[in-house]
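So in numbering that gives the first Met the number 0, spot 20 of the sequence shown is number 19, and the numbers just go up one at a time. For reference, the structure is listed below as structure tokens.
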Amino acid sequence: MSLSVVRNVFKKYPIAKGMATYTIIWPTGCFIQQTMDGKNWRTYDYKQCMNFAIFGTFFVAPTLYGWIKLSSHMWPTMTLKAGLTKAVVEQFTYGPFAGTSFFFGMSLLEQKTVDEAIGEVKKKFPDTYKVGICVWPVVQTINFTLIAEHNRVPFVSICSLLWTTFLAYMKQRSATSVSVAAATSTTSAAALQPSSMSSIQQQEAISQKQPAMVAL
Numbered sequence: 000m001s002l003s004v005v006r007n008v009f010k011k012y013p014i015a016k017g018m019a020t021y022t023i024i025w026p027t028g029c030f031i032q033q034t035m036d037g038k039n040w041r042t043y044d045y046k047q048c049m050n051f052a053i054f055g056t057f058f059v060a061p062t063l064y065g066w067i068k069l070s071s072h073m074w075p076t077m078t079l080k081a082g083l084t085k086a087v088v089e090q091f092t093y094g095p096f097a098g099t100s101f102f103f104g105m106s107l108l109e110q111k112t113v114d115e116a117i118g119e120v121k122k123k124f125p126d127t128y129k130v131g132i133c134v135w136p137v138v139q140t141i142n143f144t145l146i147a148e149h150n151r152v153p154f155v156s157i158c159s160l161l162w163t164t165f166l167a168y169m170k171q172r173s174a175t176s177v178s179v180a181a182a183t184s185t186t187s188a189a190a191l192q193p194s195s196m197s198s199i200q201q202q203e204a205i206s207q208k209q210p211a212m213v214a215l
């Protein structure tokens, strides 16, 4: 298949171009986050990178494409006012949907239970949303104002490389926090056990001494 054929397919089916782009962007963001965390080719979590590729390709790209088509239909002009309107509306519609879907969907890909996935959404989404609401209005204003519709998904995917790296950080921080908390709980329980036994032994020793004191 020649390069011109691929270009024609992508031009005819923008969603295919978006999915192909996210197939690269999302696992790359995960690799960057792990590299910043000190990992290398021997210690990378390749399964997690694959999860990012699957989620980015088959969920994020299609839903983002759907949102762009809908918003372009509702505000068809490429003016600054229309771009700002789309960007603001997105922060209260697609933005929360995308954020909660990320933590929920990625948790399911990690074979966590539904309750665990919901718990991660509650724990991680609010902080993620606070950062996103400062970043994406600017990106989407440029996207909706200056970028042609058939190139909007690829443009957003390129801008989202840094954002995906941030999401990978938030996702990993969640797992690390849980692991640390679990380790702390285990250590605390182990530390308390000898202390409890020591108290029991002291009580037994006192009980054994009491008859002798009465006899005296």
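Backbone N, C-alpha and C fix where the C-beta goes; we use that ideal spot for every residue, glycine too.
- Nearest Cα to proline 75 within the set Lys170, Val5, Thr144: Thr144.
- If you look at histidine 72, you'll find it in the alpha helix (DSSP H) that goes 60 to 73.
- Put simply, the stretch 49 to 58 touches the stretch 6 to 26. At least three CB pairs are less than 8 Å apart.
- Under the DSSP assignment, lysine 80 falls in the alpha helix (DSSP H) whose first and last residues are 79 to 90.
- Under the three-state reduction of DSSP output, serine 156 falls in the helix class.
- Shortest Cα-Cα distance from cysteine 133 to any of Ala60, Tyr12, Lys121, Phe91 involves Phe91.
- Annotation for phenylalanine 103: Ala116, Ile117, Glu119, Val120 place their beta carbon closer than 8 Å to its own, counting only its chain and skipping 5 residues before and after.
- Beta-carbon to beta-carbon, serine 70 and lysine 85 are separated by about 5 Å, close enough to satisfy the 8 Å threshold.
- Using a 10 angstroms sphere on the CB of asparagine 142, the tally of other CB atoms reaches 16 or more, which defines it as buried.
- If you check the CB distance, tyrosine 168 and glutamine 47 do not come in under 8 Å.
- In this structure, valine 87 places its C-beta atom within 8 Å of the C-beta atom of proline 136.
- Distance from the CA atom of alanine 15 to the CA atom of phenylalanine 9, rounded to whole angstroms, is 6 Å.
- Between the alpha carbons of tyrosine 45 and histidine 149 lies a gap of roughly 32 Å.
- Taking all protein chains in view, the Cβ of alanine 147 is surrounded by fewer than 16 other Cβ atoms within 10 Å, so the residue is classified as exposed.
- Taking the Cα of threonine 78 as reference, the smallest distance to any Cα among Lys11, Leu160, Gln139 is reached at Gln139.
- For arginine 6, the uninterrupted alpha helix (DSSP H) run begins and ends at 2 to 11, by DSSP.
- Excluding residues up to 5 positions away in sequence, Gly98, Met169 lie with their Cβ nearer than 6 Å to the Cβ of threonine 127 in the same chain.
- In this structure, DSSP gives arginine 41 a state outside helix and strand, which the three-state scheme calls coil.
- When Leu160, Pro153, Thr34 are compared, the shortest CA-CA separation from tyrosine 64 is found for Pro153.
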